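The structure appears below as structure tokens.
Number of protein chains: 2
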Amino acid sequence: MKIGELARATGANIETIRYYERIGLLPEPDRTAANYRSYGAAHRARLIFIRHSRELGFTIEEIRSLLDLSDHPERDCAEADRIATGHLEQVEAKIAQLTTLRDELGRIVGRCRGGLAGDCRVIEALADHALCEGSHA
Amino acid sequence: MKIGELARATGANIETIRYYERIGLLPEPDRTAANYRSYGAAHRARLIFIRHSRELGFTIEEIRSLLDLSDHPERDCAEADRIATGHLEQVEAKIAQLTTLRDELGRIVGRCRGGLAGDCRVIEALADHALCEGSHA
DNA sequence: TCTTGACCCCGTAGTTGCTACAGGCTCCAT
DNA sequence: ATGGAGCCTGTAGCAACTACGGGGTCAAGA
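If you're matching them up, the sequences are chains A and B in order.
If you count by the working numbering, then the first sequence holds residues 520 to 656, one letter each, in order.
If you count by the working numbering, then the second sequence holds residues 520 to 656, one letter each, in order.
Encoded structure:
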């Protein structure tokens with residue numbers, strides 16, 4: 520299949536596919552006489568693996584390691600579990616951080632009663648460093 | 520105060536302070552005879568505003584607007600509220616997205632029982648596109 | 001007085017993961 | 001033969017910094 524078909528088959532966009540090839544994540548495919556890239560089922564599977572991993576938030580380097588394991592089925596899969604677990608922890612940390620952030624934002628937004636910027640509680644809250652250090656009694 | 524002191528006073532790092540100046544977020548300070556930047560209380564307050572806003576996840580452009588309002592107390596603060604509310608919605612959307620992601624990751628991580636990569640459920644799950652399309656009965 | 005080390009200056013390039021050109025080729029249908 | 005869709009390459013842009021190289025300045029200690 521040509522690059523456009525592969526893009527449609529996987530949901531990746533064409534520029535992204537070429538990008539993955541450039542950084543060595545997706546192997547260089549054969550070329551047609553007209554120098555068009557020609558992909559097979561293995562490429563499609565690999566790209567699906569990559570896209571799915573990206574959707575789960577794995578970095579390119581993590582995906583590189585995961586693909587490497589996938590290419591060497593005789594290795595120990597502890598590394599895969601370590602990567603996934605570590606990533607899960609990061610996601611959980613990010614959720615916790617965003618939740619705190621949401622609460623603080625909620626407090627700020629709730630304060631605005633309209634009127635002039637000079638009296639705006641939103642702007643005041645942002646200027647007031649104390650607010651982000653726990654003194655919101 | 521010199522740039523290093525300002526950095527310590529605000530928690531921003533020196534390169535970041537120069538960056539904010541370069542993009543016009545922080546006004547150019549006076550210079551000493553030796554061409555060192557010399558900051559006053561107004562700079563410190565503005566930088567605290569910026570850092571606090573960044574910690575809350577506002578983009579540079581949003582902060583530019585918020586600072587602009589802060590510089591013009593006679594304007595209507597509806598814009599500040601609009602920015603903050605919009606941002607809050609984005610944070611909530613991000614939390615929801617990450618939560619879904621965490622659940623899917625949790626399912627994947629829980630599957631690994633050690634052993635060879637060839638049998639690894641983590642790698643399998645990433646390769647299996649069906650998993651991310653709702654078929655996790 | 002000299003030197004050492006901490007601090008400051010500037011400009012540019014690197015980071016992550018793409019995305020968007022510009023300028024040109026190929027292929028297929030009409 | 002012509003038009004448009006699709007492909008090619010290489011490079012530049014995005015956000016928000018961060019890091020680096022190569023240099024100037026300043027205060028304290030030997």
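We put the beta carbon where it would ideally sit given N, CA and C, even for glycine.
On a predicted model such as this, the values are computed, not experimentally measured, just so you know.
Handout entry: Nearest-angstrom Cα separation, counted from histidine 606 (chain B) out to phenylalanine 577 (chain B)
Key = Residue numbering aside, residue 577 (chain B) sits at position 58 when the second sequence is read from its first letter. Residue numbering aside, residue 606 (chain B) sits at position 87 when the second sequence is read from its first letter. Roughly 7 angstroms separates the two Cα atoms.
Exercise for the section: Measure the alpha-carbon distance for glutamate 579 (chain B) versus glycine 523 (chain A) and round it to whole angstroms. Expected result: Taking the first residue of the second sequence as 1, we reach residue 579 (chain B) at position 60. Taking the first residue of the first sequence as 1, we reach residue 523 (chain A) at position 4. For the sequence presented, residue 579 (chain B) should be read as isoleucine rather than glutamate. Their Cα atoms are separated by approximately 36 angstroms.
Handout entry: Inter-residue spacing [alpha-carbon to alpha-carbon] between arginine 570 (chain B) and arginine 621 (chain B)
Key = Within the second sequence, numbered from 1, the residue matching residue 570 (chain B) stands at position 51. Within the second sequence, numbered from 1, the residue matching residue 621 (chain B) stands at position 102. If you take the alpha carbons of arginine 570 (chain B) and arginine 621 (chain B), they lie about 29 angstroms apart.
Handout entry: Cβ pair count under 8 angstroms reaching 3, the stretch 533–552 of chain B against the stretch 632–648 of chain A
Key = no
Problem - Of the residues A:Thr619, A:Arg626, A:Gly625 and A:Gln609, the one placed nearest glycine 625 (chain B), counting alpha carbons only - result: Along the second sequence, one-based indexing puts residue 625 (chain B) at 106. That would be A:Gln609, whose Cα lies nearest to the Cα of glycine 625 (chain B).
Practice task
With DSSP as the reference, please indicate the residues paired to leucine 635 (chain A) in a beta bridge.
Solution key: Residue 635 (chain A) sits at position 116 when you count from the first residue of the first sequence. Answer is B:Asp595.
Practice task
Take alanine 552 (chain A) as the anchor and find which of A:Ala526, A:Lys521 and A:Ile627 has the nearest alpha-carbon.
Solution key: For this step, residue 552 (chain A) is matched to residue 33 along the first sequence. Looking at the Cα atoms, A:Lys521 is the closest of the given residues.
Practice task
Could you round the C-beta distance between alanine 636 (chain A) and serine 589 (chain B) to whole angstroms and report it? I think they count as a contact, below 8 angstroms.
Solution key: As a first step, residue 636 (chain A) must be located in the first sequence, where it is residue number 117. As a first step, residue 589 (chain B) must be located in the second sequence, where it is residue number 70. Alanine 636 (chain A) to serine 589 (chain B), Cβ: 7 angstroms. Contact.
Handout entry: Contact with chain B by serine 584 (chain A), beta-carbon distance below 8 angstroms
Key = What you label residue 584 (chain A) is simply residue 65 of the first sequence in a count that begins at 1. Judged by the 8 angstroms Cβ criterion, serine 584 (chain A) is not in contact with chain B.
Handout entry: CB of leucine 586 (chain B) within 8 angstroms of CB of tyrosine 558 (chain B), strictly
Key = Here residue 586 (chain B) corresponds to residue number 67 of the second sequence, with the count starting at 1. Here residue 558 (chain B) corresponds to residue number 39 of the second sequence, with the count starting at 1. No. Outside cutoff.
Practice task
Please state whether DSSP places aspartate 622 (chain B) in a helix, a strand or coil.
Solution key: Along the second sequence, one-based indexing puts residue 622 (chain B) at 103. Here aspartate 622 (chain B) sits in helix by DSSP.
Handout entry: According to DSSP, residues forming a beta bridge with aspartate 549 (chain B)
Key = Position 30 of the second sequence, counted from the start, is the residue given in the question as residue 549 (chain B). Aspartate 549 (chain B) pairs with B:Ser557.
Exercise for the section: Quick one: grab the DSSP three-state call for isoleucine 522 (chain B). Expected result: What you label residue 522 (chain B) is simply residue 3 of the second sequence in a count that begins at 1. If DSSP states are grouped into helix, strand and coil, isoleucine 522 (chain B) belongs with the helices.
Problem - Other residues of its chain near alanine 528 (chain A): CB distance less than 8 angstroms, five sequence neighbours each side excluded - result: Sequence index remark: in the first sequence, residue 528 (chain A) carries index 9 (1-based). Counting only Cβ-Cβ distances below 8 angstroms, and skipping sequence neighbours, we find Met520 and Arg563.
Exercise for the section: Mind listing the chain A neighbours of glutamate 593 (chain B)? Cutoff is C-beta to C-beta under 8 angstroms, in chain order. Expected result: Position 74 of the second sequence, counting from 1, holds the residue named residue 593 (chain B). Simply Leu635, Ala636 and Gly637.
Practice task
Taking 8 angstroms as the cut-off, decide whether the C-beta atoms of alanine 599 (chain A) and cysteine 639 (chain B) are in contact.
Solution key: Here residue 599 (chain A) corresponds to residue number 80 of the first sequence, with the count starting at 1. Here residue 639 (chain B) corresponds to residue number 120 of the second sequence, with the count starting at 1. In contact: alanine 599 (chain A) and cysteine 639 (chain B) (Cβ atoms closer than 8 angstroms).
Exercise for the section: Could you tell me the distance, in whole angstroms, from the CA atom of leucine 544 (chain A) to the CA atom of isoleucine 582 (chain A)? Expected result: Within the first sequence, residue 544 (chain A) is the residue found at index 25, counting from 1. Within the first sequence, residue 582 (chain A) is the residue found at index 63, counting from 1. Their backbone Cα atoms lie some 8 angstroms apart in a straight line.
Exercise for the section: Could you tell me the distance, in whole angstroms, from the CA atom of proline 661 (chain B) to the CA atom of glycine 634 (chain A)? Expected result: It is not possible to answer for residue 661 (chain B), since the shown part of chain B is limited to 520 through 656.
Exercise for the section: Taking 8 angstroms as the cut-off, decide whether the C-beta atoms of arginine 556 (chain A) and proline 548 (chain A) are in contact. Expected result: If you number the first sequence from 1, residue 556 (chain A) lands on position 37. If you number the first sequence from 1, residue 548 (chain A) lands on position 29. Going by C-beta atoms, arginine 556 (chain A) is nearer than 8 angstroms to proline 548 (chain A).
Exercise for the section: Taking a Cβ distance cut-off of 7 angstroms, strictly less, list which residues of the stretch 566–579 of chain B are near chain A, in chain order. Expected result: Ile567, Phe568, His571, Ser572, Glu574, Leu575 and Gly576
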